[in-house]
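In this note's numbering, the protein residues as written are -2 to 363. Here the structure is laid out as structure tokens; the discussion comes afterwards.
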Amino acid sequence: MSFGAFDHRCMAEAIALARRGLATTMPNPRVGCVLAREGRVIGRGWHERPGGPHAEIVALADAGDDARGATAYVTLEPCAHEGRTGPCADALVQAGVGAVVAAIRDPNPRVDGGGLAKLEAAGVAVRTGLMAEAARELNLGFLSRMERGRPWVRVKLAQSLDGRTALADGTSQWITGPAARADVQHWRARACTVMTGVGTVLADDPSLDLRLEHIDRQPLRVIVDSHWRTPGTARTLSLPGQVLIAGREDVERSPALEASGAECLALPAKERRVDLGALLSALAGREVNEVQVEAGGTLCGALLREGLVDELLLYQAPCLLGHEGKPTFELPGLDDMALRPVLQVLERVMVGEDLRMRLRPPHREV
């Protein structure tokens, strides 16, 4: 489909509006909407939080009577079903909107083309595909959950120049500087879940909580703990927010862990540890869109080996920890350089004194 400069400008603004919900819309998608007519924008809206009005409803209210005959630019297909709020497709029709430009279709089985079909049946002109790649990037987790049945997995790593994440005794606080650690908080904010392994809990006793004053929610904290070794005194268990401990169903849990207040999720074993694929499927069933993994080489390596890593968020500090330090990933060695996985570099940014890189494994599609 052909789109002009004004179309691109309106959709770019809709995507910018949607980004305001990066840390607040989950489990819903991040959606922005712009209403325009006769070459000017007359209404703007974005979805802020579950249960609140959708982007289209906010934009229609902003435009008022001027919405009649306007074109709606929306980053995701308008919904056609009754959920926490009414169908947006119906609201657009009732407002007399003349055309809708949707960046992408909504793969949610409750929508999946139904919203566009309802609009077309009512005589609304529909076009799709404008800035589709940017719109998909905005909702990687939601789309992953709908299309693949599992969340988008982002592995956050902090390593030295020689590729070590901790000293030989497990000490890792702190490899990176304060600016990088503050930056991580913003990535935690956009995740539904922060995941770690029991080894990191035993070595570092991390809090894993979100510490941003303007965000009033806490991501679900998940500890992968095949043999239920998490101590009841672990710091993360005493902080606000929910904690889920995933262990093997064939291993008995300790009474202290049962009394800790954490939810214990028993899963099948795979190669003597928790089946990570089953864990991600279980998280998708709980409407988790994005998982941020902050763990050591054992869990990160296992996720990578099983093809469950979608993105790496790597902070590299200008320091050296020596060859006895803990590796970034526990992976089998290669005997052929041609077999080495080459990652796609999406971004390189200096954060204080540290380099932040965002990478994706080969053939990982959005």
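Positions of the beta carbon are idealized from the N, C-alpha and C atoms, including for glycine. Predicted model, so just to flag it, every value in this text is computed and none were measured.
- Per DSSP, reduced to three states, the secondary structure at residue 8 is helical.
- Looking at 304, 310, 225, 255, the one whose alpha-carbon comes closest to that of residue 269 is 225.
- Between residue 290 and residue 259, the beta carbon gap of about 18 Å keeps them out of contact (Cβ cut-off 8 Å).
- Collapsing the DSSP output to three states places residue 143 in a helix.
- Contact check for residue 173 and residue 325: beta-carbon distance about 13 Å, past the 8 Å limit, so the pair fails to qualify.
- Residue 15 is positioned such that its CB atom lies no closer than 7 Å to that of residue 68.
- Taking a cut-off of 8 Å for Cβ pairs, the stretch 152 to 166 and the stretch 277 to 286 do not touch, as fewer than three such pairs fall below it.
- Counting along the chain, residue 121 sits inside no beta strand (DSSP E), nor does DSSP assign it H or E at all.
- One Cα belongs to residue 194, the other to residue -1, and the distance between them is close to 49 Å.
- At least 7 Å separates the beta-carbon of residue 342 from that of residue 328.
- Closest by C-alpha distance to residue 202, out of 214, 187, 236, is 236.
- Apart from sequence neighbours up to five positions away, the residues of its chain that approach residue 215 with a beta-carbon distance below 7 Å are 206, 207, 237, 238, ordered along the chain.
- Inclusion of residue 177 and residue 312 in the CB contact set at 7 Å is warranted, their separation being smaller than that value.
- With respect to residue 52, residue 28 sits close: the two C-beta atoms are nearer than 7 Å.
- Counting along the chain, the unbroken alpha helix (DSSP H) around residue 301 starts and ends at 294 to 302.
- Look at the stretch 258 to 299 and you find these whole runs of beta strand (DSSP E), each 3 residues long or longer: 260 to 264, 287 to 290.
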